[in-house]
Every structure is written in structure tokens, then in C-alpha cells.
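Residues in the sequence shown are numbered consecutively from 1041, following our numbering. Every residue, glycine too, gets a C-beta built ideally from N, C-alpha and C.
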Amino acid sequence: MTTKSRTLLLLGIGALLALTGGIMAGGPPTPTDPASFTFVALDTRTPYTLDFAGADGGKNANYLLRWVNPAGEKGPWSETATATIGA
């Protein structure tokens, strides 16, 4: 039995960001709708870094990511990844 291999071509990763109040702030819950996030980047190299203002320290940075191929076709959004921004 012979199988054909297929090369997966990727352009990069699309990233969305939503800031919410930190754990101690009692802010809104983590968003789940991609429409409530802001487009951050289409990243083609690692690592991707994002700078935050000092006033954002202690807030949660919520990210959604998805693969994008060279034809512009997009995969499904990932689960939300959340990290607290350092003060």
C-alpha cells in the first residue's frame, strides 16, 4: 500500500488580543467571541513579542491564534490562552 505525502504550506499565525482586568481586579470574564478581540499580528517568525503600557500591568492578556496559509485560508481559532501582564 502506498500513501502520498502532502506538504503543508503555512504563511504564519494570526493573533488576536483582548485585555481584561486581572485576577484581583474582578474585571469582566475572559472573552470567548473572536469579534471582541483586536487583531495584533500575522506573524511569520518566532518569537513574536508584544509590548504593553505600564498602565496595563496586572491585567490579563487573552490571545486567540490560528494558522494562515499562503493562499490566505485561515484555520479555526485556538482555545483562549491567557497570561497576566507584569507590572
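Rounded to a whole number of angstroms, what is the C-alpha to C-alpha distance between residue 1057 and residue 1103?
-> In this structure, the CA atom of residue 1057 is about 5 angstroms from the CA atom of residue 1103.
Taking the runs of the beta strand (DSSP E) that are 3 residues or longer, which of them lie wholly in the stretch 1053-1099?
-> With a minimum length of 3 residues, the unbroken runs of beta strand (DSSP E) contained wholly in the stretch 1053-1099 fall at 1078-1083.
Between which two residues does the beta strand (DSSP E) containing residue 1122 stretch?
-> Note, residue 1122: beta strand (DSSP E), 1121-1124.
Tell me whether residue 1117 sits in a helix, a strand or coil according to DSSP, three-state version.
-> Residue 1117 falls in the coil class under three-state DSSP.
Determine the DSSP secondary structure at residue 1101, reduced to helix, strand or coil.
-> The answer is strand: DSSP assigns residue 1101 an E or B state.
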